[in-house]
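Participant:
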Amino acid sequence: MEWKEKKLEKGPGEAEEMERGKRGGDGDERQDEGKKGGREREAEGRGGMVYSWETVEVVAFVVVVVTLLVEMEMVVVFVV
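Below you can see the structure in the form of structure tokens.
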């Protein structure tokens, strides 16, 4: 099997990320006035949302509690 060296093409944002990494920052910590931070921009590009850890913890807690109550047959769940 013969190995060939292939030059990787960078996407539109990857070159900027590489440059930011070389300068010592990834841009997530930096937030300019009136502009979105790195994570918000990244999530918006993927069509996702950014949640705080507090929100994630509350939702996880509610899911666990409801699951335990259903397992103990303390709650009747109707699926429509």
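First residue of the sequence shown: 1, per full-length UniProt numbering; consecutive thereafter.
Even for Gly, the Cβ is constructed at its ideal location relative to N, Cα and C.
Owing to the predicted nature of the structure, the values given are computational and were not obtained by experimental measurement.
Once DSSP output is grouped into helix, strand and coil, what is the label at D26?
Facilitator: If you number the sequence shown from 1, residue 26 lands on position 26. Here the model assigns D26 a pLDDT of 49, short of 50, so the residue's position is not dependable, and the following value carries that caveat. Here D26 sits in coil by DSSP.
Participant: Do you know how far the Cα of F61 is from the Cα of V50?
Facilitator: Here residue 50 is taken as the residue at index 50 of the sequence shown, counted from 1. Here residue 61 is taken as the residue at index 61 of the sequence shown, counted from 1. Taken atom to atom, the span from the alpha-carbon of V50 to that of F61 is near 19 Å.
Participant: My output table needs one value for E73: the three-state DSSP class, helix, strand or coil.
Facilitator: The residue labelled residue 73 in the question sits at position 73 within the sequence shown. E73: coil per DSSP, three-state reduction.
Participant: DSSP state of V50, grouped into three classes?
Facilitator: Here residue 50 refers to the residue found at position 50 when the sequence shown is read from its first residue. V50: coil per DSSP, three-state reduction.
Participant: How big is the Cα-Cα spacing for E71 and V59?
Facilitator: Residue numbering aside, residue 71 sits at position 71 when the sequence shown is read from its first letter. Residue numbering aside, residue 59 sits at position 59 when the sequence shown is read from its first letter. Computed Cα separation, rounded: 18 Å.
Participant: Rounded to whole angstroms, what's the CA-CA distance from G48 to V63? Just pull it up for me.
Facilitator: By 1-based counting over the sequence shown, the position of residue 48 is 48. By 1-based counting over the sequence shown, the position of residue 63 is 63. Cα-Cα distance, rounded: 21 Å.
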